[in-house]
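Peer 1: Each protein sequence line maps, in turn, to chains A and B.
Each residue of the first sequence is one higher than the one before, counting from 1 in this note's numbering.
Each residue of the second sequence is one higher than the one before, counting from 1001 in this note's numbering.
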Amino acid sequence: MSKLADRDGPVFIIRPRVPAIHGIFDLPAETQIASHQPHEHIEEHLHDHLPHMHIRYGFEIPAQSLDGIDGLAPWVMMAIKVDQRVDCNPIFVARGAGAEGVCLKIGGQDVHWVYDDSVAKRGAALFEATGRRLPEGFYWAGFSTSDLSERHLERYPALELKRAIGFGLRADQHFQATWRVPREEPIEPYDVIIGLGDDVTSYHTFFRLSAVPPLGVG
Amino acid sequence: MGIANDPVRDPNGREVVRVTEEARPDGPADNALILVDRGTAQARYLSWIGYFDLDCAVAFEPDRWTIVEPATTWENEVEFRPFGVPGAEAKVMPAWNGGPTDGLVLPRNGGVTQAARQSRYRGTTR
């Protein structure tokens, strides 16, 4: 951590992890991509009435000093097909009664996400700096943390972040892609590239969720 | 929650309505946002999920969409076709159809937008 801080200035370290919590319909935690046709209503489920594709990953924010950081807003972006949109659930840290997710709170408030085109632009530049390009037919959907209304970006003071992280924070994230213009056809599962970072530091990470769980994951 | 055409100036316009009661299999799902065409008395699903989409619709076409708050109750008999009428998309879909616009080929100048510009949007429903 100190080496990263020395080299790049302040960093907010976040690392991808395999999800830890089973999903709806008891989808195994390691199933990161799953396509569903419309089904009954489930709380917190955004597109249960439409064909949709679940996108699930976990992440870890290890205990860290946050030296040089007054506050920040984490971001996430993901590569989605252009005829689809993607929407997000809150961040889950556990599974509660009735299999409902228990949401991560920072500063006493559930952490939600809001669309943020500036994240998509910034993240795209970071991705291309790795020498990669998105395949034709995909775009970056970017999100920043938001308040409950999911209309406004929410930044968190370093002290609140430290309280939430404690000795290390482990959480699961769940997104759902659906057709921009709803139609009956199921969504064919595909690999999804994810980027994680924040609006203040240079630390970021990219990873790929596989539609087919790779051998050895579990 | 919702947005709509001005019902006085444009009685055949459209409205976006959040469904507050589960009505499947014949009607829409609870909490879904649907697009209602007053002229044809037909409704279909949108992929929108909340105020962010409504805000975007207003920002995208400020001369036609307005969010009216607080929300009001909307009740009407409409024919619900969850995925629309084949071939009629250009007549019923609003220009903002969800998701960020940067770098995308959205129907800004295509049939959807052209058709939508024939009418004005104002009001809110719930």
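Heads up, the beta-carbon is just placed ideally off N, CA and C, and yes, glycines get one too.
These figures come from a predicted structure and were not determined experimentally.
Do the stretch 124-139 of chain A and the stretch 46-54 of chain A touch if we need at least three Cβ pairs shorter than 8 Å?
Peer 2: Contact between the stretch 124-139 of chain A and the stretch 46-54 of chain A is absent, because fewer than three Cβ pairs lie under 8 Å.
Peer 1: Which value, in whole angstroms, describes the spacing of the CA atoms of aspartate 48 of chain A and aspartate 67 of chain A?
Peer 2: Counting from one through the first sequence, the residue named residue 48 of chain A turns up at place 48. Counting from one through the first sequence, the residue named residue 67 of chain A turns up at place 67. If you take the alpha carbons of aspartate 48 of chain A and aspartate 67 of chain A, they lie about 42 Å apart.
Peer 1: Looking at the strands, I want to know which residues DSSP matches up with tyrosine 115 of chain A.
Peer 2: What you label residue 115 of chain A is simply residue 115 of the first sequence in a count that begins at 1. Bridge partners of tyrosine 115 of chain A: A:Phe143.
Peer 1: Kindly indicate if chain A contains any beta-carbon less than 8 Å away from that of asparagine 1076 of chain B.
Peer 2: Position 76 of the second sequence, counted from the start, is the residue given in the question as residue 1076 of chain B. Not closer than 8 Å to any Cβ of chain A, the Cβ of asparagine 1076 of chain B fails to qualify, so no.
Peer 1: For histidine 152 of chain A, which residues from the same chain have a beta carbon less than 7 Å from its beta carbon, with the 5 sequence-adjacent residues on both sides left out?
Peer 2: Numbered from 1 along the first sequence, position 152 holds the residue referred to as residue 152 of chain A. Correct list, in chain order: Val114, Ser146.
Peer 1: For arginine 1038 of chain B, does the count of other Cβ atoms within 10 angstroms reach 16, so buried, or fall short, so exposed?
Peer 2: Position 38 of the second sequence, counting from 1, holds the residue named residue 1038 of chain B. Buried, because 16 or more other Cβ atoms sit within 10 Å of the Cβ of arginine 1038 of chain B.
Peer 1: Return no unless some Cβ of chain A is closer than 8 Å to the Cβ of alanine 1041 of chain B.
Peer 2: Within the second sequence, the letter at position 41 stands for residue 1041 of chain B. No, alanine 1041 of chain B lies away from the interface with chain A (no Cβ there is under 8 Å from its Cβ).
Peer 1: Please classify isoleucine 14 of chain A: is it buried, with 16 or more other beta-carbons within 10 angstroms of its beta-carbon, or exposed?
Peer 2: In the first sequence, counting from the first residue as 1, residue 14 of chain A sits at position 14. With 16 or more Cβ atoms within 10 Å of its Cβ, isoleucine 14 of chain A is classed as buried.
Peer 1: In three-state DSSP terms, what is arginine 220 of chain A?
Peer 2: What the structure shows of chain A is the stretch from 1 to 218, and residue 220 of chain A is not part of that stretch, so it cannot be assessed.
Peer 1: Roughly how far, in whole angstroms, is the beta-carbon of phenylalanine 138 of chain A from the beta-carbon of valine 76 of chain A, given that I think they are within contact range, below 8 Å?
Peer 2: Along the first sequence, one-based indexing puts residue 138 of chain A at 138. Along the first sequence, one-based indexing puts residue 76 of chain A at 76. So it is not a contact: roughly 16 Å between Cβ atoms.
Peer 1: With distances taken Cα to Cα, identify the nearest neighbour of arginine 1064 of chain B among B:Leu1054, B:Thr1073, B:Thr1072.
Peer 2: Here residue 1064 of chain B refers to the residue found at position 64 when the second sequence is read from its first residue. Checked all of B:Leu1054, B:Thr1073, B:Thr1072; the closest Cα to arginine 1064 of chain B is B:Leu1054.
Peer 1: Span of the beta strand (DSSP E) holding leucine 196 of chain A?
Peer 2: On the first sequence, position 196 is the one that residue 196 of chain A refers to. Here the beta strand (DSSP E) through leucine 196 of chain A covers 192-198.
Peer 1: By the DSSP assignment, the beta strand (DSSP E) with glutamine 1058 of chain B in it spans what residues?
Peer 2: As a working note, residue 1058 of chain B is residue 58 in the second sequence. Reading off the sequence, residue 1058 of chain B comes out as valine, not glutamine. That residue, valine 1058 of chain B, is in no beta strand (DSSP E); its alpha helix (DSSP H) goes 1051-1060.
Peer 1: So if DSSP puts glycine 168 of chain A in a beta bridge, which residue, or which two residues, is it bridged to?
Peer 2: Residue 168 of chain A sits at position 168 when you count from the first residue of the first sequence. Answer by DSSP bridge pairing, in chain order: A:Pro62.
Peer 1: DSSP three-state call for glycine 108 of chain A: helix, strand or coil?
Peer 2: Position 108 of the first sequence, counted from the first residue, corresponds to residue 108 of chain A. Correct three-state label for glycine 108 of chain A: coil.
Peer 1: One question on the structure: do isoleucine 69 of chain A and histidine 45 of chain A come within less than 8 Å of each other, judged by their Cβ atoms?
Peer 2: Here residue 69 of chain A corresponds to residue number 69 of the first sequence, with the count starting at 1. Here residue 45 of chain A corresponds to residue number 45 of the first sequence, with the count starting at 1. Going by C-beta atoms, isoleucine 69 of chain A is not nearer than 8 Å to histidine 45 of chain A.
Peer 1: Hey, arginine 1014 of chain B and proline 1094 of chain B are a contact pair by Cβ (cut 8 Å); roughly how many whole angstroms apart?
Peer 2: For the purposes of this step, residue 1014 of chain B is identified with residue 14 of the second sequence, where counting begins at 1. For the purposes of this step, residue 1094 of chain B is identified with residue 94 of the second sequence, where counting begins at 1. Indeed they touch by this definition, with Cβ atoms about 7 Å apart.
Peer 1: By a C-beta neighbour count over all protein chains shown, 10 Å radius and 16 as the cutoff for buried, is glycine 101 of chain A buried or exposed?
Peer 2: By one-based count along the first sequence, residue 101 of chain A stands at place 101. Result: buried.
Peer 1: Nearest CA to the CA of alanine 63 of chain A: which residue from A:His112, A:Glu185, A:Lys162?
Peer 2: Position 63 of the first sequence holds residue 63 of chain A. For alanine 63 of chain A, the nearest C-alpha among the options comes from A:Lys162.
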